[in-house]
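Colleague:
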Amino acid sequence: MKNNNLRTIEEILRLENLRYNLREEALPLPDEDTGVCVEAAESVAKVVKSGKLCYWRGGPEAKKLEKEFANLIGKKNGFFHSSGSSALVTAVRAFELPEGTNVTITSSGFISSLNAIYHAGLRPRFVPTDPITLLGKFPKEFKVNYEAPLSLVTHFFGNVVDIDNIVNKVSSKYLIEDTSQALGSKIGNDFAGKRGDISTFAGSNRKLFGAGQGGMNLYDDEELGERMRIIGHHGKSDSIQAITPGFNFRGGEMEAVLGRFSLRKLEEKSDLRMESARVFTDILKDSGVTLAKKDVALDSKIVWFDNVIVLPTNWNKKGRDLLVEVLNREGVPAWIYPSLIETPWLKPWMNSKGWWSDEEENLLEYEKSIWDRAFVVGTQMSSEDSKKCARIIKEILAGK
Ligand SMILES: *Cc1c(COP(=O)(O)O)cnc(C)c1O
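Just so you know, we're using the working numbering here: the sequence shown kicks off at 461 and counts up by one.
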């Protein structure tokens with residue numbers, strides 16, 4: 461690793477404090493694309509004027525969105541939810557696995573995937589993070605001593621997971637792809653999310669699926685879909701009595717309108733995000749930090765959601781946290797993600813079930829050694845702003 465030209469965090473902070481004290485206030489953050497299409501406003505107004513914003517088992521706009529989204533990704537059906545997180549809850553529950561069943565989950569991912577496994581009473585089995593891609597991947601020689609009927613993989617940061625690597629090692633029958641951040645990314649000729657029994661797409665802030673608030677589960681199997689609809693409708697099919705404990709998770713009509721507009725802009729917005737990521741990477745590639753790359757084992761096209769920056773090995777969590785603070789006041793929207801296995805409630809819960817062993821403990825240490833040195837900067841900005849952010853990071857690390 462080329463890091464001899466990088467300053468220590470102490471030097472950086474001393475210099476940065478001088479500059480910050482001269483200025484006395486934080487610089488503004490760049491305008492970000494929230495994913496919401498303002499040109500949808502009139503169509504949303506029509507829904508408002510109709511007075512009916514939500515329908516049992518989905519209204520006309522939700523039904524159109526489900527069809528259009530499924531066609532786009534190459535699946536047969538969709539179920540529009542109130543959020544990406546609720547969509548993951550019904551997805552995990554839909555397989556009706558007995559409590560305590562093993563589920564593989566990529567430790568590189570968003571907390572919603574772990575929450576969904578917890579709420580289904582299943583046993584999470586974490587896939588370690590690959591230091592090159594920052595995605596879940598078992599090392600070649602890694603021995604897995606369990607089977608997991610279900611795998612939940614997250615295509616984090618827009619980057620795509622080597623699915624075979626995971627499902628083959630743990631002999632999974634079922635697959636959920638959390639594609640929330642990877643709408644538009646491709647593996648071969650297929651969009652990410654084509655392969656899962658259920659693929660989840662979040663429609664919240666900054667996502668390319670710009671529903672404002674919403675989530676989509678795509679699937680082929682109608683029975684699986686019916687189970688999801690029952691779980692998402694208070695546990696009721698059309699009968700009076702609920703047949704399973706459920707939730708109200710259906711998506712609204714205004715959000716469906718916004719979601720439909722955003723899909724029409726997918727290509728245009730994907731190109732902008734790829735360009736933002738390209739200029740960012742270009743500026744930082746020889747600056748002593750490492751950027752997450754795509755998996756060379758896969759023929760893929762990545763629509764980056766976040767640029768992931770990994771600091772050299774002589775950095776630690778404290779230094780990284782301070783650097784992110786410094787970057788924020790310099791107008792760079794840097795952000796931190798921990799590995800999922802670090803989630804504070806996880807270890808006590810797994811211990812209480814007898815599920816936390818030396819394997820989890822060792823993996824926790826390994827995951828920290830990578831994620832303590834990582835931070836992200838989103839691609840939801842103009843390439844000019846993206847260049848500006850990359851230059852500031854480069855300058856600060858070089859102590860200029
Ligand atoms: C945003 C996101 C979710 C959750 O979606 P919400 O709509 O915010 O609940 C789940 N997984 C990933 C990877 C996400 O980025």
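Where a beta carbon is used, it is the ideal one built from N, C-alpha and C, also for glycine. Nothing here was measured: the structure is a model prediction, and the numbers come from that model.
Grab me the residues of residue 538's own chain with a C-beta within less than 8 angstroms of its C-beta, minus the 5 sequence neighbours each way, in chain order.
Modeller: Cβ within range, chain order: 525, 526, 527, 529, 530, 676, 677, 678 and 679.
Colleague: Between residue 662 and ligand 1, is the CB less than 8 angstroms from at least one heavy atom?
Modeller: Residue 662 Cβ: within cutoff of ligand 1.
Colleague: Classify residue 541: buried if its beta carbon has 16 or more other beta carbons within 10 angstroms, exposed otherwise.
Modeller: Counting Cβ neighbours within 10 Å, residue 541 comes out buried, since at least 16 surround it.
Colleague: Going by C-alpha to C-alpha distance, which of 491, 476 and 701 sits closest to residue 485?
Modeller: The shortest Cα separation from residue 485 among 491, 476 and 701 belongs to 476.
Colleague: Buried or exposed: where does residue 844 fall if 16 or more other Cβ atoms within 10 Å of its Cβ makes it buried?
Modeller: Exposed: under 16 other Cβ atoms inside 10 Å.
Colleague: Counting only runs of 4+ residues fully inside the segment 519-570, write out the alpha helix (DSSP H) ranges in chain order.
Modeller: Counting whole runs of 4 or more residues, the segment 519-570 contains the alpha helix (DSSP H) stretches 520-533 and 544-553.
Colleague: By Cβ distance below 6 angstroms, which residues in the same chain neighbour residue 790 in space, the five residues on each side in sequence not counted?
Modeller: Contacts found: 487 and 852.
Colleague: Could you check where the alpha helix (DSSP H) with residue 586 kicks off and where it finishes?
Modeller: Note, residue 586: premise wrong, no alpha helix (DSSP H); beta strand (DSSP E) at 583-587.
Colleague: Would you kindly report the start and end of the unbroken alpha helix (DSSP H) that includes residue 625?
Modeller: First-last of the alpha helix (DSSP H) with residue 625: 623-630.
Colleague: Using the Cβ count rule (16 or more neighbours within 10 Å means buried), how would you classify residue 835?
Modeller: With 16 or more other Cβ atoms within 10 Å, it is buried.
Colleague: Could you please give me the residues that DSSP links to residue 834 through a beta bridge?
Modeller: Note: residue 834 sits in a beta bridge opposite 770.
Colleague: If you compare alpha carbons, which of 824, 788 and 785 is closest to residue 588?
Modeller: Taking only the C-alpha atoms, the option nearest residue 588 is 824.
Colleague: Please state the DSSP three-state secondary structure of residue 741.
Modeller: Residue 741 falls in the helix class under three-state DSSP.
Colleague: Residue 567 and residue 548 - do their beta-carbons sit closer together than 9 angstroms?
Modeller: Going by C-beta atoms, residue 548 is not nearer than 9 angstroms to residue 567.
Colleague: Using DSSP bridges, identify the partner residues of residue 646.
Modeller: Partner(s): 651 and 761.
Colleague: Return yes when the C-beta of residue 638 is under 8 angstroms from any heavy atom of ligand 1, and no when it is not.
Modeller: Indeed, a heavy atom of ligand 1 lies less than 8 angstroms from the Cβ.
Colleague: Would the beta-carbon of residue 573 be found less than 8 angstroms away from any heavy atom of ligand 1?
Modeller: At least one heavy atom of ligand 1 is nearer than 8 angstroms to the Cβ of residue 573, so yes.
Colleague: Looking at residue 709 and ligand 1, is the gap between the Cβ and the nearest heavy atom below 8 angstroms?
Modeller: Not under cutoff, so the answer is no.
Colleague: What are the start and end residues of the alpha helix (DSSP H) that includes residue 638?
Modeller: Per DSSP, residue 638 belongs to no alpha helix (DSSP H); it is in the beta strand (DSSP E), 634-638.
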